[in-house]
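*Asks:* Pasting a structure here, questions to come.
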Amino acid sequence: MTGTGGDTRRGLGAGLARFGHSIRQPKTAYMVLFGFSSGLPYALLLGTLYAWLSDAQVDLETMGVFSLIGLTYAFKFLWSPLIDRISLPVLRRLGHRKQWIVLAQLLLGGIMVILSTLDPKGAIGMFSLLAGIGAFASATQDVVIDAWRVDVADEQATVEILSTVYQLGYRAAVLVGGALALFLPDGFGWPPVYALMGAILIALGVISLFAPENRRAEEMTETVDQLRQPGELQPKIRALALGVVGLLWLWALFDVVRFMILSLGSDPAARPDSVAFVSVQGPVIVIATVVIPSIIAAILAWMQRHGRGTLNSALPRATWTDAVLDHGYRALILPLRTSWGGWAGPPCWC
Numbered sequence: 001m002t003g004t005g006g007d008t009r010r011g012l013g014a015g016l017a018r019f020g021h022s023i024r025q026p027k028t029a030y031m032v033l034f035g036f037s038s039g040l041p042y043a044l045l046l047g048t049l050y051a052w053l054s055d056a057q058v059d060l061e062t063m064g065v066f067s068l069i070g071l072t073y074a075f076k077f078l079w080s081p082l083i084d085r086i087s088l089p090v091l092r093r094l095g096h097r098k099q100w101i102v103l104a105q106l107l108l109g110g111i112m113v114i115l116s117t118l119d120p121k122g123a124i125g126m127f128s129l130l131a132g133i134g135a136f137a138s139a140t141q142d143v144v145i146d147a148w149r150v151d152v153a154d155e156q157a158t159v160e161i162l163s164t165v166y167q168l169g170y171r172a173a174v175l176v177g178g179a180l181a182l183f184l185p186d187g188f189g190w191p192p193v194y195a196l197m198g199a200i201l202i203a204l205g206v207i208s209l210f211a212p213e214n215r216r217a218e219e220m221t222e223t224v225d226q227l228r229q230p231g232e233l234q235p236k237i238r239a240l241a242l243g244v245v246g247l248l249w250l251w252a253l254f255d256v257v258r259f260m261i262l263s264l265g266s267d268p269a270a271r272p273d274s275v276a277f278v279s280v281q282g283p284v285i286v287i288a289t290v291v292i293p294s295i296i297a298a299i300l301a302w303m304q305r306h307g308r309g310t311l312n313s314a315l316p317r318a319t320w321t322d323a324v325l326d327h328g329y330r331a332l333i334l335p336l337r338t339s340w341g342g343w344a345g346p347p348c349w350c
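Structure below.
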């Protein structure tokens, strides 16, 4: 028992020493800041903002429609492949990940400052548009920060440690953007509070300019050439499936955005019925974005499992256009197709 207790204490001491060494790494400190910059806009846009709308006497139905901006966080996987491939003309020298992090932080800071100059009730349309753009920028920032964390991890600052300190920064931001931001308006009003939060995000964007470079940006870019190997589905089949599913998703997003615009921009008497939209359009949107793509994925799984429409030899390296299409296929269809692998039956060895 004594030996076991001593080993436990030594192991704990070694773990604490390793954590202490890791926490002193610059990348670990930046991971805390990145966690803070992820949590702050989320708290401000999807929590605290409703308190401001309530104080401005915005009606509950409008606030309910306004909450749909949170869908951007659920659907961020749709554009994450493009973020992984595209470099910005001016900011690309910062690094593949940092260019997007800095842009998102500066954009979010600017949006918070602009929101502080608007009257939520009198300019609810512009208010909602800016909040929606902010939610999009915030969700994009989350995607890139997750990738940056994997890129810079090493033996001193492991992914596990970086994830832990990220949560530390994120929780601190939730307290600042939630509890503190709800307390300050009693003495200063909402506009100065959001202007202050915007200034903090802009300052974080400037600090992020000096974050450690992700050394493996090119290596960590997800390869799409795996989809061009023998046994994979032919590109024309994947493109057709992606086109159908993509159009269904675009229609669903257009329908939701159209409903939001009509609800937020019309007089209360002329607004569309939200109950009717949910009861009638809701099931149709589910069919378009879940049921039909699942059926298409099942068919593709069956085809590949039985060698129908598959490649007999490897194709040349993907062009930029092919890479974008293959990334879209990975994001929208491949996860569903994988889940149908067992249903598709045993492979065909003939």
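Mapping the sequence shown onto our numbering, position 54 (from 1) lands on 54, and the numbers just tick up by one.
We treat Cβ as the ideally placed atom computed from N, Cα and C, and that holds for glycine.
1. Using a 10 Å radius around the Cβ and a threshold of 16 neighbouring Cβ atoms, would you call THR140 buried or exposed?
2. Using a Cβ distance threshold of 8 angstroms, determine whether the segment 159-176 contacts the segment 70-85, with at least three qualifying pairs required.
3. Relative to the C-alpha of LEU130, which residue among VAL102, ARG305 and GLY109 is closest?
4. Can you tell me whether DSSP reads ALA331 as helix, strand or coil?
5. Closer than 8 angstroms by C-beta to PRO212: which residues in its own chain qualify, once you throw out the five before and the five after it? Chain order, please.
6. Which residue's Cα is closest to the Cα of SER128: MET260, ALA288 and HIS306?
7. Are the segment 46-57 and the segment 233-241 touching, with three or more C-beta to C-beta distances below 8 angstroms?
8. ILE296 and LEU336: beta carbons closer than 9 angstroms?
9. Please look up how many angstroms separate the CB atoms of SER138 and TYR42, rounded, as I've assumed it's under 8 angstroms.
10. So what does DSSP say about THR140, is it helix, strand or coil?
11. Which same chain residues end up closer than 7 angstroms to GLY178 when comparing Cβ atoms and leaving out the 5 residues on each side of it in sequence?
12. State the start and end residues of the unbroken alpha helix (DSSP H) segment that holds THR72.
13. By Cβ distance below 8 angstroms, which residues in the same chain neighbour GLN281 in space, the five residues on each side in sequence not counted?
14. My guess is that ILE333 and LEU242 are in contact by the Cβ rule of under 8 angstroms, so how many angstroms apart are they, rounded?
15. Pick helix, strand or coil for THR319, following the three-state DSSP scheme.
16. By Cβ distance, which residues of its chain are closer than 6 angstroms to ALA195, with the 5 residues on each side in sequence left out?
17. Grouping DSSP H, G and I as helix and E and B as strand, with all else coil, what is LEU325?
18. Here's the rule I'm using: 16 or more other beta-carbon atoms within 10 Å means buried, otherwise exposed. How should PRO316 be labelled?
19. Determine, using beta carbons only, whether ALA104 and VAL150 come nearer to each other than 9 angstroms.
20. List the endpoints of the continuous alpha helix (DSSP H) containing GLN304.
21. How long is the line joining the alpha carbons of ASP326 and PRO192, rounded to whole angstroms?
22. Excluding five sequence neighbours on each side, which residues of the same chain lie with their C-beta closer than 6 angstroms to the C-beta of ILE69?
23. GLU218: buried (16+ other C-beta within 10 angstroms of its C-beta) or exposed?
24. Buried or exposed: where does VAL206 fall if 16 or more other Cβ atoms within 10 Å of its Cβ makes it buried?
25. Looking at the structure shown, is LEU184 part of a helix, part of a strand, or coil, going by DSSP?
26. Rounded to the nearest angstrom, what separates LEU184 and SER274 at their Cα positions?
27. Let me know the alpha helix (DSSP H) ranges lying completely inside the segment 21-102, each 4 residues or longer, listed in chain order.
28. Check whether the Cβ atoms of ILE111 and PHE34 lie closer than 9 angstroms to each other.
29. Around the Cβ of LEU106, are there at least 16 other Cβ atoms within 10 angstroms (buried) or fewer (exposed)?
30. Assuming contact is defined by CB atoms lying nearer than 9 angstroms, are GLY246 and GLY169 in contact in what I supplied?
*Replies:* On the basis of the supplied data:
1. buried
2. no
3. GLY109
4. helix
5. PRO26, LYS27, TYR30 and VAL152
6. MET260
7. no
8. yes
9. 6 angstroms
10. helix
11. ALA43, GLY47 and THR48
12. 71-74
13. ASP255 and PHE259
14. 6 angstroms
15. coil
16. VAL113 and SER116
17. helix
18. exposed
19. no
20. 292-305
21. 46 angstroms
22. ALA131, GLY132 and ALA135
23. The pLDDT assigned to GLU218 is 47, lower than 50, so where the model puts this residue is not dependable; a value taken from the coordinates is nonetheless given after this. So GLU218 ends up on the exposed side.
24. exposed
25. coil
26. 34 angstroms
27. 26-43, 49-55, 60-66, 71-74 and 80-85
28. no
29. buried
30. no
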